[in-house]
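Heads up: the structure comes next, in structure tokens.
Protein chains in written order, with the working numbering: chain E, 72 to 185; chain S, 12 to 120.
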């Protein structure tokens with residue numbers, strides 16, 4: 072059974088640029104959630120995708136967008152990068168959406184915006 | 012405003028001590044409360060709690076939820092240096108997940 076993987080591991084971008092982060096969910100999982108974790112803080116929920124549809128969204132502006140593909144892998148896109156977007160971006164997959172399902176986290180992508 | 016508050020923020024103990032980590036929450040449409048351990052990057056799952064008063068146990072770790080008083084505790088007995096990590100509490104409300112800032116635990120040999 073393959074765990075959750077994310078790419079790239081690290082990324083450096085300039086303010087105003089756009090970035091795409093990728094996540095492959097664990098085998099058998101159809102739900103992916105994305106989180107932003109700033110240094111010294113807990114993860115902040117960005118959004119969740121369930122069977123290719125957005126299933127919930129946190130308090131993030133529209134320049135944070137996502138996709139989920141038929142194989143349940145997912146992308147997080149961030150446009151017009153700001154310095155405050157520098158953080159660890161985590162994705163987590165689960166067998167389904169809703170209560171009662173554990174989330175398994177990937178190793179994260181460290182994004183630095185200069 | 013939905014929120015999850017963890018206490019203490021940090022804790023330093025000696026090997027063999029018992030610790031209790033606290034998580035209180037105010038989250039609309041509560042569905043579940045989860046505990047994670049974060050050592051370097053990816054948080055690793057410890058427990059999921061959905062019902063009040065039922066203790067979940069795994070080795071030296073245990074956790075319980077009180078849905079009336081809106082809190083949970085995570086107990087670690089006979090702590091080891093390998094328990095040093097940040098412990099995160101998360102609450103699922105509706106279709107969102109709310110994390111606390113975590114408790115940083117350091118276990119000294």
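For every residue, glycine included, the Cβ atom is placed at its ideal position computed from N, Cα and C.
| Asked | Found |
| --- | --- |
| Going by other Cβ atoms of all chains shown within 10 Å of its Cβ, with 16 needed for buried, is residue 48 of chain S buried or exposed? | buried |
| Does DSSP put residue 92 of chain S in a helix, in a strand, or in coil? | helix |
| With a cut-off of 7 Å, does the C-beta of residue 96 of chain S fall near any C-beta of chain A? | Checking the listed chains, one finds no chain A in this structure; the protein chains it contains are E and S. |
| Are the beta-carbon atoms belonging to residue 32 of chain S and residue 114 of chain S less than 7 Å from one another? | yes |
| Candidates E/74, E/82 and E/98: which alpha carbon is nearest residue 141 of chain E's? | E/98 |
| Taking only beta-carbon positions, decide if residue 58 of chain S is within less than 7 Å of chain E. | no |
| Let's see if you can read the secondary structure: which residues bound the beta strand (DSSP E) around residue 18 of chain S? | 14-18 |
| Measure the CB-CB distance between residue 147 of chain E and residue 92 of chain E and report whether it falls below 7 Å. | yes |
| Flag this pair as touching only if the segment 77-85 of chain S and the segment 143-162 of chain E have three or more C-beta atom pairs under 8 Å; answer yes or no. | no |
| Thinking C-beta only, is residue 101 of chain S closer than 7 Å to residue 110 of chain S? | yes |
| With respect to the beta strand (DSSP E) encompassing residue 67 of chain S, which residues constitute its N-terminal and C-terminal limits? | 67-69 |
| Tell me whether the segment 148-166 of chain E and the segment 102-109 of chain E touch, counting them as touching only if at least three CB pairs, one residue from each stretch, are closer than 8 Å. | yes |
| Compare the Cα-Cα distances from residue 105 of chain S to each of E/119, E/132, E/183 and E/138 and report the closest residue. | E/119 |
| Based on the DSSP secondary-structure assignment, which residues constitute the bridge partners of residue 149 of chain E? | E/90 and E/135 |
| Taking buried to mean at least 16 other C-beta atoms within 10 Å of its own C-beta, is residue 65 of chain S buried or exposed? | exposed |
| Listing by chain order, which chain S residues have their CB less than 9 Å from the CB of residue 127 of chain E? | 105, 106, 107 and 108 |
| Please give me, in chain order, every unbroken run of the beta strand (DSSP E) with length at least 3 that falls completely inside the segment 21-100 of chain S. | 21-25, 30-37, 41-49, 55-60, 67-69, 72-77 and 82-87 |
| Where does residue 54 of chain S land, buried or exposed, given buried means 16+ other C-beta within 10 angstroms? | buried |
| With a threshold of 16 other CB atoms inside 10 Å of the CB of residue 83 of chain E, please say whether the residue is buried or exposed. | exposed |
| So what's residue 82 of chain E in DSSP terms, helix, strand or just coil? | strand |
| If the cut-off is 9 Å on Cβ atoms, which residues from the segment 61-84 of chain S count as contacting chain E, listed in chain order? | 61 |
| Return the residue from the list S/58, S/21 and S/88 that minimises the CA-CA distance to residue 112 of chain E. | S/21 |
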